[in-house]
Structure formats: C-alpha cells, structure tokens
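The opening residue of the sequence shown carries number 342 in the numbering used here; numbering runs sequentially from there.
Cβ coordinates follow ideal geometry from the N, Cα and C atoms, glycine included.
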Amino acid sequence: MKLLRSFKLHNDKIWSIDYSSGLLATASSDLRIKILRIGDIGSDDIDEKNKENDDDDNRLLDELDDSAHKKTIRSVAWRPNSNILAAGSFDSTISIWSKEDYQEDEVAGNNFSMDLLAIIEGHENEVKSVAWSQDGYFLATCSRDKSVWIWEADEVGEEYECVSVLQEHSQDIKHVVWHPTQNVLASSSYDDTIRVWKEFDEDWECAAVLNGHEGTVWCSDFEHSSVEKNDSMRLCSGSDDAKVKVWKFDGVNEDSEDIWICESTLPPVHSGPVYSVCWNDDGLIASAGSDGVIAIYKEDETLKGKWNCIEKNEKSHTFFEINCIKWIKNNNDETLLLSASDDGHVNMWNVNKN
C-alpha cells in the first residue's frame, strides 16, 4: 500500500466518510460535515511533499452548518446519482443536505455550497448509521434505541415517510448497509448478530439472522456484483472479536426463510475490534479497526471461499484507531482506498491488487 494523500480535516475524530462523483463527505465529533474535492487524485500522484496537508484549503468546498446537530455526527451517506447527502447524529436526528444544479466548473472554482433540506426525527437515541438503497428510494437509519427505520424519500429529498420500524435486535445497532443491486438490507448490532431484511407485501421483515461472531458486530458490506441473483449474494462482517467473516446466501428452507452460512473466517490479522469492512468491485475486501491496521484480503482464484491476506499496513494513522474505510473510483476510474481515523485525518491509499 502506498499513501497518496493525508488530509487533516477535523480537530476531533472522524467517524464516517462517503464518496460520490469526485466528492468526499466526512462526519466528525466536532459537529461538522466537510465536503472535499478529491476525484482528480490518481494512483501515480505520490509527490512526497504533498502527502501531508496537500492543498486542503483549495480542495475544501464546503463546511456544513454546525448548528444543524447538537451532538457528534456519526454517519454520512450520499444518495445514489444525486447531490443529496444524509447525516446521522448522536442527537437522534438525521439531516438532509443538497446542492442544486451541480456543475463540475463550480467545483473547480470552489463556487459550491450545500443547503439544509430537512431534519428527520423519530429515533429515541443516538443515530449510528445511515444508508441509501441502490435506487435512492429508501433511506435506512439505525440507532442505539435498538431499531432500524426505513424511510421513503421523494425525488427532491425534502419529504420522508417512515414505512417500517424494525425492532428485532436486542441491543444497540451499529451499522446498516444495502445490497448494491437489490433492496436487501443488513444491520449489525451489539447483540453479536447481523440481520438481513427484505420487503414482503409492502412490509419489511427479517429474512435471516447471522450468528457466529463472539462480540459486537460493528460493520458489514455486501459483495459488489452486477449479477442480480440471490445465489450470488455474499456479505462480509467485522466484529469486536477481531475477526472478519464472509457469509453466503444458501437458499430457502421449508418455512420460506432465507438460509445464510458462514462461508469463511478470514486469516487472523487484527488484534482488536474491526470497525469497518468494505468489499470492492475487483473482489478485494478491506478491513480496519482499533489496532490501526488496514488489511486487504483476496479470494483464491481456484478455491472459492478461501481467502489470503495480501496486504497488512500497520500504524496506518500512527497510533490512532481507524473508524471507517471506503473503496472509491476516482475520475479516471482507478480504484483507491480511503481511511478515516480518530486523528482527524482522511488518508488516501493506492493498493496493490496482487
């Protein structure tokens, strides 16, 4: 792994990042959301003098109004194919932001500003994660109140109707993620489980419970595939038990319930909780957590379900914990990796795929 850039963006820990159309959004304990232009940075752009604090002021496009939330901003997510951003906060609310009539020359000229569209209320406690469905029609949110809410959004992002409240987890819910091609949702919880949710007859129900981790499940991510078939569906997860697991959909039982099996426990790399996992289009899984390690795993080409750790980068943010990692495609369609940490930095990495 090669460090391309290290952006010092916040004076407190960065909890979450998301990327879309060349723009990076960050969420922090300092109550701020920042929007950064990074899509032009390429894998060969490793000028040593620019690694640290590369023209951050020129790249920073907007710093969203810090009065929108009263407590830590825990999660951010761009709506697919739009300029709408959702942010979840420990104050139990979700804010929705938008940039109308986005133009590339506005970004280049720093003439860029996002407006607050809506504040969504409903959760009774800290919002831990927000995620948009692949079609942008649904917004999922989860909370310390042990519930997942699914909201139906209008086209412009101003109106939100709660269509389901899912309350089958027994503890704090840490993370939600949608399948990249289907309206299937996964939630990860302090109760050591992952639940998979599907829509049945216009209502949302738990289709499966994934048991196997021996501690809080902090995160999960679906395999990114263009194949829209259930038999190809897989999910990776990271936990307090320092393990990364891969789960596989294995059909439906006689009661019409989905069957998921633990296909693999990836090679042991981490010495503490795994806070973030991310699966990219090339089939690589990245993981990161409290030990400051970023690990990259590749599946054996001849033996499906067997994984090897091909990269282990220690002290990726010196001695700080890593809270979030994200694979991105830059403007030249190159795959890069972002990491966000307690040190207030977002680091950009070029990863060897071999």
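Check residue i in the structure and name its three-state DSSP category.
{"i": "S573", "result": "helix"}
{"i": "V506", "result": "strand"}
{"i": "N424", "result": "coil"}
{"i": "L677", "result": "strand"}
{"i": "N664", "result": "strand"}
{"i": "N399", "result": "helix"}
{"i": "L531", "result": "Rather than Leu, the amino acid found at residue 531 in this sequence is Tyr. It is coil, neither helix nor strand."}
{"i": "D446", "result": "Residue placement at D446 cannot be trusted, given a pLDDT of 47 that sits under 50; what the coordinates show is reported in the next sentence. D446: helix per DSSP, three-state reduction."}
{"i": "S567", "result": "For S567, the predicted structure reports a pLDDT of 47, less than 50, and the residue's modelled location is therefore unreliable. A value from the coordinates is still provided. Reduced to three states, the DSSP call for S567 is coil."}
{"i": "S682", "result": "strand"}
{"i": "M342", "result": "coil"}
{"i": "G624", "result": "coil"}
{"i": "D406", "result": "coil"}
{"i": "I600", "result": "strand"}
{"i": "D544", "result": "strand"}
{"i": "H658", "result": "strand"}
{"i": "T367", "result": "strand"}
{"i": "L350", "result": "coil"}
{"i": "K645", "result": "coil"}
{"i": "M499", "result": "The residue asked about is misnamed: residue 499 is Glu in this sequence, not Met. Here E499 sits in coil by DSSP."}
Does the beta-carbon distance from residue i to residue j come in below 8 Å?
{"i": "S617", "j": "I669", "result": "no"}
{"i": "A636", "j": "K653", "result": "yes"}
{"i": "F563", "j": "P521", "result": "yes"}
{"i": "G633", "j": "E675", "result": "no"}
{"i": "K559", "j": "D581", "result": "Here residue 559 turns out to be Trp, not Lys, going by the sequence shown. Going by C-beta atoms, W559 is nearer than 8 Å to D581."}
{"i": "S505", "j": "W473", "result": "no"}
{"i": "Y638", "j": "L607", "result": "yes"}
{"i": "G646", "j": "G630", "result": "no"}
{"i": "C503", "j": "G556", "result": "no"}
{"i": "A368", "j": "I376", "result": "no"}
{"i": "V525", "j": "V537", "result": "yes"}
{"i": "A527", "j": "E598", "result": "no"}
{"i": "S454", "j": "W356", "result": "no"}
Need the endpoints of the beta strand (DSSP E) that residue i sits in, please.
{"i": "V618", "result": "V615 to W620"}
{"i": "V610", "result": "Premise fails: V610 is in no beta strand (DSSP E) and is neither H nor E."}
{"i": "S357", "result": "I355 to S361"}
{"i": "D591", "result": "V585 to V593"}
{"i": "T482", "result": "F479 to S484"}
{"i": "R378", "result": "I374 to R378"}
{"i": "V518", "result": "I514 to W519"}
{"i": "S470", "result": "V468 to W473"}
{"i": "V417", "result": "I414 to W419"}
{"i": "I637", "result": "I635 to E640"}
{"i": "E493", "result": "V489 to A494"}
{"i": "I435", "result": "I435 to S439"}
{"i": "I461", "result": "D456 to I461"}
List the whole-angstrom C-beta distance separating residue i from residue j, where the pair is believed to meet the contact cut-off of C-beta under 8 Å.
{"i": "I379", "j": "R400", "result": "6 Å"}
{"i": "R420", "j": "G498", "result": "7 Å"}
{"i": "S710", "j": "S578", "result": "The structure shown has nothing for residue 710, since the chain only spans 342 to 695."}
{"i": "S511", "j": "D532", "result": "5 Å"}
{"i": "M689", "j": "R346", "result": "4 Å"}
{"i": "N424", "j": "S439", "result": "6 Å"}
{"i": "H554", "j": "K584", "result": "7 Å"}
State whether the segment 430-442 contacts the segment 462-472, with contact taken as three or more CB pairs (one from each stretch) at a distance under 8 Å. Output reads yes: the segment 462-472 touches the segment 430-442.
Inter-stretch contact (C-beta, 8 Å, three-pair minimum) for the segment 592-606 and the segment 617-626: No contact exists between the segment 592-606 and the segment 617-626.
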